[in-house]
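Participant: Could you have a look at this structure, given as structure tokens, before my questions?
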Amino acid sequence: MKVWPKGNRNIDFVYPGEDIQSAPKARVTLVGETQRAVEIGRARLMVTAGLFTFAFLSISVRLVDLMVLNGALDTGPTYNAANNQPAPTFRSDIVDREGRTIATTLPTANLYANATEIIDATVAAEALISVLPGLDRADLTRRLESNQRFVYLRRHLTPSEQIAVNTLGIPGLYFEESERRIYPYGPLYSHVVGATDPDNRGIAGLELTFDKTLSQRPAALELSLDSGVQNAVRETLQAAMDRFKATGAAGVVMDARTGEILSLVSLPDFDPKDNGRADTDRQFNRATLGLYEMGSTFKLFTAAMALELGVIAMDSVYDARTPLTVARYTIDDYHAEKRWLTVPEILIHSSNIGAAKIALDAGTPAQQNFLHQLGLLSPLDLELPEIASPMFPAVWREINTVTISYGHGIAVTPVHVASAISAMVNGGILNRPTLLRRDIVHDEDRTRVISEATSKQVRSLMRLVVTEGSGKQAEVRGYVVGGKTGSAEKLDSAGEYSETQIRTSFVAAFPMHAPRYVVLVLLDEPKGLKETFNYTTAGWNAAPTVGRIVAEIAPMLGVYPTTKQPMAPELGTLIEASARISEMALAPAGTGFGGDRAAE
Amino acid sequence: MSSAFTRSDTSVVGRWWWTVDRWLLVSSGALIVIGMILTLAAGPPAAERIGADTYHFVRKQSVFLPVAIAVMLGISLLPALWIRRVAVVGLFGAFMMMFGTLLLGAEINGAQRWLRLGGLSIQPSEFIKPFFVVVSAWLFSLSRTTEGVPGNTIALGCLMMVCAVLLSQPDVGMTMVVVSVWCAQFFLAGLPIFWVVLIAFAGLGALVSAYFLFPHVASRVDRFLDPASGDTYQVTQAIRAFQNGGLFGRGPGEGRVKEELPDAHTDFIFAVAGEEFGVLLCLVVVALFGFLVLRAMIKVLREDNLFILLAVGGLAVQFGLQSIINMASSLHMMPTKGMTLPFISYGGSSMLALAIGMGMILSLTRRRRDMEGLRT
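From first to last, the protein sequence lines are chains C and L. When we follow the working numbering, the leftmost residue of the first sequence carries the number 941, and every step to the right adds one. When we follow the working numbering, the leftmost residue of the second sequence carries the number 330, and every step to the right adds one.
Here is the structure:
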């Protein structure tokens, strides 16, 4: 046995029989292909080794840079996140057209427990209830005993509640940063903004439509609505609902020139902060989702269509002496004049016979085409998820043409009507309605539906209804209101028109000589009052409600009152003609087939 | 170095002691010791997170470690010819287990990688790596040294099969490592430069297609390029840990990142090392990895046997690549890729597979008088 001296390894000497480990490197001379392959392999292994050296050196440099020089280069988002700076992820605000906050987001704290760290659940629950009285003791104790690492105890603590809980000093309780959607106006904008769920995701209304935008875009969402107008409309509608004991109401104010909706109210409503837990009737948006037969309001469209097509002129006369028989139906006027009526008189007296005859003269295709142009046969094109598609006959017979001429047998939403009426009065341009602030109406959002001249004539007709006809109670001195009543019997559960339940509406524009705003009010099942002589028709409830709204909002909107009575001079004679019967009762003629309810 | 073995000791162990490269042995040992200390640091919080007892991971690792060391030393005792035989059999076995994984494996984090055998969870894809490297080396060398053997073609076929199985799990990271190592070996085996360039471009193409084919790959890359685009929680925590560590670290047990990082004991153990022991230990770890890789490569630079050159070169590349990917990931020098830090991260399969690989390196770098049955 022999131990080799350390420095002596390379001795080229071998004892026989000994196993040699440190044999000197035998430079075997390789031949041909194999030798070449090994040479290449060696050279390339050097290259590989070089690359690895570089990689390990880079890592060392990075380590020294990061740990000793403290990563001065490592700023930016990574640096921020590493310092636990919460990124501003708040859902953006919704503001009205004046920049007033309709919806905003506040930081809050959620209280949760790591139940495994809770020492005594009963004691902890006792203490928590003393500062957060709203908590349920049994439920709280159950959660604290759940042995789970993360269990919510209460969401959205106020800062003072948070301090109070902290002061208790219970180990195992933690706070989680959170945010809460706040609606400073409460229920005022309920159906417009909709609601968010507890995780601040939109579940209804604009919160749902613009969910993605709101959660991503930092800028506020600017609406076309005006809080002052919205408030006036809601207050007035609520008062009317209470007064007439109506079961529901809807109100719309639209800028006739731009299609912007300044106010959209549906009653009863809800508070958006309740996260959509209100009952379905409250959540139902009557202004955009409710489909209603609008009644005589449609006579304006019938007249506009015939005037536009040249089928009639303002002084055309129609025989309203006897009821009209179409198919097996008889169309009658309740308060029949039983004489020949001019076009303005047909509107003033709301004659079903007259409207039907005009529609028959124009023809079914013309009526279909015109209503289609006005968007009354298409789903409502608005930014809300809660929108309805109109109901109308699949097969459009002559009798349908007749009933639709006075607004029966077709159901649309109040916003449909407000939008179409805007086009009637603004010079003939239909603007796509919108809830967003719109400074310029782009070409794709506007279509001409009637001529300037026809629009002027429709304005005169609407004004006459207020000065001479069923809309008198809508007049506001100086604001030159024009409009049209509509009263329709509701379909009862059996599908028959009800004798007792009625839905009234009034659609108006002001000032009539240069219309800026369209106001629509709809009341569901208003009751007769002593003051209204038990009448329930639109002229007695919807029309005065519109009048009150106009009186309140016109000054806010900067519409100056006028002392003149601007009216197209050529209509003078017609006004005189109708003046002869101006002593007539406010609510005019009725119908034989589901028409306006009698005013007697 | 005093020794119980004399030069004249002709037993297997005695011969081993005098021929094995002790530098490699010592640096592997150093890494294993550092790994054990770091598992002590990072293991308990991780164990607490999964609800196990405090020393769950430490205890399991202390069972794996002796086994791994025994396997490493045992393999390093084998002669080169046996290494090749073990690799062929091992590759076949691992391949079968991979199929088994696909059929009855447990799904963890959206991928089927684990096979339950008795009380053990095994990740067969880890074992594929060292065996495949040696088998590829053999095939490449065959095609260069023996007429009429289509070694390259067979190697390519094997690679495709391995990739197919890995991608069906799916394990993109592992596939990338296997392919990279295979390409490196092909490069060493004298692949014409034209093909080297072509494969480099194909590799780029593969990376790009992985980006588009696998959503989680895309999201990781996006988050690397633009940290604001998504959740970079792990890597920001890791960076914070390194910054907290500074020159000397916060001291053993004083680290905080291990309580917040789910993978502190595996993929991000380097961050724990940085926070608790400072830049000095990190540099020692980098130096040890660098030394191991370079030492292994330099050892075979004088090698006349192409198989040994390719096998050791490939194993060193695999070992180095894995350590670089892990460290660079936690230092935010590349998109995060779940990869264990050799010998240091917790994980039985990974540890055992690396022990096999290191054992093979040790065996193949032993000084030999003859070729022990291997043709040059």
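Quick reminder that beta carbons are idealized off the backbone N, C-alpha and C, glycines included.
Give the single residue among C:Val1461, C:Ala1172, C:Ala1244 and C:Pro1333 whose Cα lies nearest to the Cα of Ala1491 (chain C).
Facilitator: Of C:Val1461, C:Ala1172, C:Ala1244 and C:Pro1333, the residue nearest in Cα terms is C:Ala1172.
Participant: If you follow the alpha helix (DSSP H) that Pro1484 (chain C) is in, where does it begin and where does it stop?
Facilitator: Taken as a continuous stretch (DSSP letters only), the alpha helix (DSSP H) holding Pro1484 (chain C) covers Ala1482 to Met1496.
Participant: Rounded to the nearest angstrom, what separates Ala600 (chain L) and Leu367 (chain L) at their Cα positions?
Facilitator: One C-alpha to the other measures close to 10 Å.
Participant: Taking only runs of the alpha helix (DSSP H) that begin and end inside the segment 1293–1347 of chain C, which ones reach a length of at least 4 residues, in chain order?
Facilitator: Counting whole runs of 4 or more residues, the segment 1293–1347 of chain C contains the alpha helix (DSSP H) stretches 1304–1313 and 1338–1345.
Participant: Is the Cβ-Cβ distance between Ser1362 (chain C) and Met1194 (chain C) less than 7 Å?
Facilitator: Contact flag set, yes.
Participant: Whole angstroms are fine: how far does the CA of Phe1473 (chain C) sit from the CA of Ile1286 (chain C)?
Facilitator: Roughly 24 Å separates the two Cα atoms.
Participant: Roughly how many whole angstroms lie between the Cα atoms of Asn1087 (chain C) and Asp1166 (chain C)?
Facilitator: Distance between the alpha carbons of Asn1087 (chain C) and Asp1166 (chain C) is about 51 Å.
Participant: So what does DSSP say about Gly1426 (chain C), is it helix, strand or coil?
Facilitator: Strand.
Participant: Is the beta carbon of Val1420 (chain C) sitting closer than 7 Å to the one on Met1452 (chain C)?
Facilitator: It is a contact, given that the beta carbons lie within the stated cut-off.
Participant: What residues in its chain sit with their C-beta under 7 Å from that of Ser472 (chain L), if we drop five residues either side in the sequence?
Facilitator: Closer than 7 Å at the Cβ level, and outside the excluded window around Ser472 (chain L), lie Val478, Pro479, Gly480 and Asn481.
Participant: Need the endpoints of the alpha helix (DSSP H) that Asn573 (chain L) sits in, please.
Facilitator: Note, Asn573 (chain L): alpha helix (DSSP H), Tyr562 to Gly574.
Participant: Please confirm if Val1008 (chain C) has its CB atom under 7 Å from at least one CB of chain L.
Facilitator: It does: the Cβ of Val1008 (chain C) has a partner Cβ on chain L nearer than 7 Å.
Participant: Buried or exposed: Met425 (chain L), going by 16 or more other Cβ atoms within 10 Å of its Cβ?
Facilitator: The residue in question, Met425 (chain L), is exposed, as its Cβ has fewer than 16 Cβ neighbours within 10 Å.
Participant: Looking at the structure shown, is Pro453 (chain L) part of a helix, part of a strand, or coil, going by DSSP?
Facilitator: Residue state, collapsed to three classes: helix.
Participant: Can we say the segment 665–674 of chain L touches the segment 356–364 of chain L, given the rule of at least three CB pairs closer than 8 Å?
Facilitator: Yes: the two stretches touch, three or more of their Cβ pairs being nearer than 8 Å.
Participant: Check Ala1227 (chain C) in the structure and name its three-state DSSP category.
Facilitator: Of the three classes helix, strand and coil, the one that applies to Ala1227 (chain C) here is coil, per DSSP.
Participant: Are there 16 or more other CB atoms within 10 angstroms of the CB of Glu1392 (chain C), so buried, or fewer, so exposed?
Facilitator: Exposed, because fewer than 16 other Cβ atoms sit within 10 Å of the Cβ of Glu1392 (chain C).
Participant: So what's Tyr1129 (chain C) in DSSP terms, helix, strand or just coil?
Facilitator: In this structure, Tyr1129 (chain C) counts as helix in the three-state DSSP scheme.
Participant: Since Asp1464 (chain C) is in the beta strand (DSSP E), which residue starts that stretch and which ends it?
Facilitator: Taken as a continuous stretch (DSSP letters only), the beta strand (DSSP E) holding Asp1464 (chain C) covers Tyr1457 to Asp1464.
Participant: Could you name the residues of chain L that Ser1555 (chain C) contacts, counting a contact when the two beta carbons are closer than 7 Å?
Facilitator: The requested residue 1555 (chain C) is not part of the displayed model; chain C covers only 941 to 1540.
Participant: Could you tell me the boundaries of the alpha helix (DSSP H) in which His1275 (chain C) lies?
Facilitator: Note, His1275 (chain C): premise wrong, no alpha helix (DSSP H); not H, not E.
Participant: Any contact between the segment 1367–1386 of chain C and the segment 1263–1270 of chain C? By contact I mean 3 or more CB pairs, one from each, below 8 Å.
Facilitator: In short, these stretches do not touch, since the Cβ pair count stays below three.
Participant: Taking the CB atoms as reference points, tell me whether Val608 (chain L) and Leu660 (chain L) lie closer together than 7 Å.
Facilitator: For Val608 (chain L) and Leu660 (chain L), no; Cβs fall outside 7 Å.
Participant: Report the three-state DSSP secondary structure of His1356 (chain C) (helix, strand or coil).
Facilitator: Of the three classes helix, strand and coil, the one that applies to His1356 (chain C) here is helix, per DSSP.
Participant: Measure from the C-beta of Ala989 (chain C) to each C-beta in chain L and report whether the shortest distance is under 7 Å.
Facilitator: By this cut-off, Ala989 (chain C) is an interface position.
Participant: Is it true that the segment 1192–1207 of chain C meets the segment 1353–1361 of chain C, where meeting means three or more beta-carbon pairs spaced less than 8 Å apart?
Facilitator: Counting Cβ pairs under 8 Å, three or more are found: they touch.
Participant: Please state the DSSP three-state secondary structure of Met668 (chain L).
Facilitator: DSSP places Met668 (chain L) in coil when its eight states are reduced to three.
Participant: Going by DSSP in three states, Ile1122 (chain C) sits in which element: helix, strand or coil?
Facilitator: In the structure shown, Ile1122 (chain C) sits in a strand (DSSP, three-state: E or B).
Participant: Taking CB distances under 7 Å as the criterion, tell me whether Arg473 (chain L) reaches chain C.
Facilitator: True, the Cβ-Cβ gap to chain C drops below 7 Å.
Participant: Taking the continuous beta strand (DSSP E) assigned at Gly1145 (chain C), which residues delimit it?
Facilitator: Gly1145 (chain C) -> not in any beta strand (DSSP E); alpha helix (DSSP H) instead, spanning Gly1145 to Thr1149.
Participant: Less than 8 Å between the CB atoms is what I'm expecting for Ile740 (chain L) and Met626 (chain L), so what's the real figure, rounded?
Facilitator: With chain L covering only 330 through 705, there is no way to say anything about residue 740 (chain L).
Participant: Using a 10 Å radius around the Cβ and a threshold of 16 neighbouring Cβ atoms, would you call Lys1278 (chain C) buried or exposed?
Facilitator: By the 10 Å Cβ count, Lys1278 (chain C) comes out exposed.
Participant: In this structure, does DSSP put Leu1376 (chain C) in helix, strand or coil?
Facilitator: Three-state result, Leu1376 (chain C): strand.
Participant: Return the residue from the list C:Val1283, C:Ile1293, C:Arg1268 and C:Ala1267 that minimises the CA-CA distance to Ala1276 (chain C).
Facilitator: Comparing Cα positions, the closest option is C:Ile1293.
Participant: Taking the straight line between their C-alpha atoms, what separation do you get for Ala1049 (chain C) and Glu377 (chain L)?
Facilitator: One C-alpha to the other measures close to 27 Å.
Participant: Is the CB-CB distance between Val1035 (chain C) and Thr1237 (chain C) below 7 Å?
Facilitator: It is not a contact, given that the beta carbons lie outside the stated cut-off.
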